[in-house]
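Residue numbers (our numbering): 14 to 295.
Glycine included, each C-beta is placed from N, C-alpha and C at the ideal position.
None of these values were measured; they are calculated from a predicted model.
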Ligand SMILES: [Zn+2]
């Protein structure tokens, strides 16, 4: 709940407040109290049971095997409503039919979470084969992709706008839909360059398709980075190389380098080329 991250809560709240939606927020111990404190800082006299049905679910991970959920409903002026505790069998905090989200704990002086989004199955449309069958592109393909990801019966009837109905199996045997392993996207900030952080992060990010990783300090300021429990850009590059991430994106740049971001990108690239140097600060 450091300010450079949690300040964004207000922006999300402002954008979603007048929509029928449910926002789930996952975080470390203390998250629920922090969400409640944010919500209590505003005046909600205009909200009542006729308001848009917007609610926030704070899902607080105890860093082990429990997830405690609390609901804050706009129609109830965001009063805290405990939903109970879920026992976790793994570090998958969110399970959906098409994807799941895993978390690990990182040390930033305080516990901090890094996440991996894992798509269950990648489904692409083969445009040339679609054209070959004289089938149109459109939203109907989104529904078909969902059916493939959920391993639906090949006999399922597909309605195609302006064409005769087809069976899912016919689209599959014509190879209109191509499947492959789902994408993995990792997001890691804030973390110190220590052995426990690196071993956990490498396990999470190994061979991911994308790794978004903090790398906000130049090598010349390595001591400052270490004292703030942050990585340098070159350390971030080292980690991305060791994780064998297909694409990696450095982020969370310190404002001291405003206008000099290219230097950080260059040092990240050098670290990426060099690979992991075993030189821990903690
Ligand atoms: Zn931060």
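Give me, in chain order, the residues of the same chain whose beta-carbon lies closer than 6 Å to that of residue i; leave out the 5 immediate sequence neighbours on both sides.
| i | result |
| --- | --- |
| residue 294 | Because the pLDDT at residue 294 is just 47, under 50, the model does not fix this residue reliably, and the value given afterwards should be weighed accordingly. Result list for residue 294: 206 and 239, in chain order. |
| residue 244 | 206, 227 and 228 |
| residue 110 | 163 |
| residue 257 | 220 |
| residue 242 | 121, 122 and 205 |
Mark residue i as exposed unless 16 or more other C-beta atoms lie within 10 angstroms of its C-beta, in which case mark it buried.
| i | result |
| --- | --- |
| residue 69 | buried |
| residue 147 | exposed |
| residue 16 | exposed |
| residue 58 | exposed |
| residue 103 | exposed |
| residue 159 | exposed |
| residue 218 | buried |
| residue 216 | exposed |
| residue 79 | exposed |
| residue 150 | exposed |
| residue 275 | exposed |
| residue 200 | buried |
| residue 73 | buried |
Between the Cα of residue i and the Cα atoms of the options, which residue gives the shortest distance?
| i | options | result |
| --- | --- | --- |
| residue 24 | 124, 56, 51 and 253 | 51 |
| residue 237 | 269, 200, 252 and 254 | 269 |
| residue 126 | 280, 86 and 204 | 204 |
| residue 192 | 34, 132, 289 and 89 | 132 |
| residue 234 | 220, 255, 280 and 251 | 280 |
| residue 33 | 44, 62 and 39 | 62 |
| residue 134 | 153, 112, 144 and 222 | 112 |
Can you list, in chain order, the residues of its chain whose CB lies under 7 Å from that of residue i, leaving out five sequence neighbours each side?
| i | result |
| --- | --- |
| residue 179 | 171 and 173 |
| residue 253 | 224, 226, 261 and 285 |
| residue 187 | 142 and 146 |
With DSSP collapsed to three states, give me the class of residue i.
| i | result |
| --- | --- |
| residue 233 | helix |
| residue 108 | strand |
| residue 16 | helix |
| residue 90 | coil |
| residue 22 | helix |
| residue 284 | helix |
| residue 79 | strand |
| residue 35 | strand |
| residue 74 | strand |
| residue 224 | strand |
| residue 97 | strand |
Going along the chain, which residues of its own chain have a beta-carbon closer than 8 Å to the beta-carbon of residue i, five neighbours each way excluded?
| i | result |
| --- | --- |
| residue 76 | 41, 42, 118 and 124 |
* To do: Give every residue whose Cβ lies closer than 6 Å to any heavy atom of ligand 1, listed in chain order.
  => 15, 17, 18, 202, 203 and 265
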